[in-house]
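Numbering of the sequence shown is given in UniProt numbering, commencing with residue 1 and proceeding in unit increments. C-beta: ideal position from N, C-alpha, C; glycine also.
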Amino acid sequence: MVAQGSWGKYSPPKPSPAQYYTLVTVLITYSLIMGRQAGLQPTGEWRLFSWHPLLMTCGMVGFAGLGAVTKKLGGYANTKTHGILGWLSLFCSFGGIYCIYRNKENNGYLHLSSPHAMVGTGVVISCVGLGKCLRTRP
């Protein structure tokens, strides 16, 4: 609960080691399983397109989620780990973007022609912008 007049300065407690490792397990498992499931749709076979949902899910859910949870632990080493996980998140996302770009090129489809493509591009650009603007030393 936020105290009256505090303007939302409430800070939740650090996660316990059990909570942290549970979240790590859930985020890794979810991103790998759901990214694979999305990649196998609709034909059930792995193809170039399949890398797009796998890499995007691992980047935006797995690595970014792990980075946010790790940062909450505090300390220099966790802050450095948070930064490394942020970079891994972006690299995975760029890999996913490359896969969908190459897939569209191979099949002759237009780029940025759906709301999904527009929003996804905006999210990745926002992540790069946040990383660039909010970059601080631990």
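- Your pair S93 and M34 does not check out as a contact, with CB atoms roughly 16 Å apart and the cut at 8 Å.
- For the pair S89 and M118, the CB atoms are not nearer than the 9 Å cut-off.
- Not a single unbroken stretch of the alpha helix (DSSP H) spanning 4 or more residues falls wholly within the region 81-107.
- In this structure A64 is buried. Its beta-carbon is surrounded by 16 or more other beta-carbon atoms within 10 angstroms.
- Excluding sequence positions up to five before and after A77, its CB lies less than 7 Å from no other CB in the same chain.
- Closest by C-alpha distance to G131, out of S114, Y109, F91, is F91.
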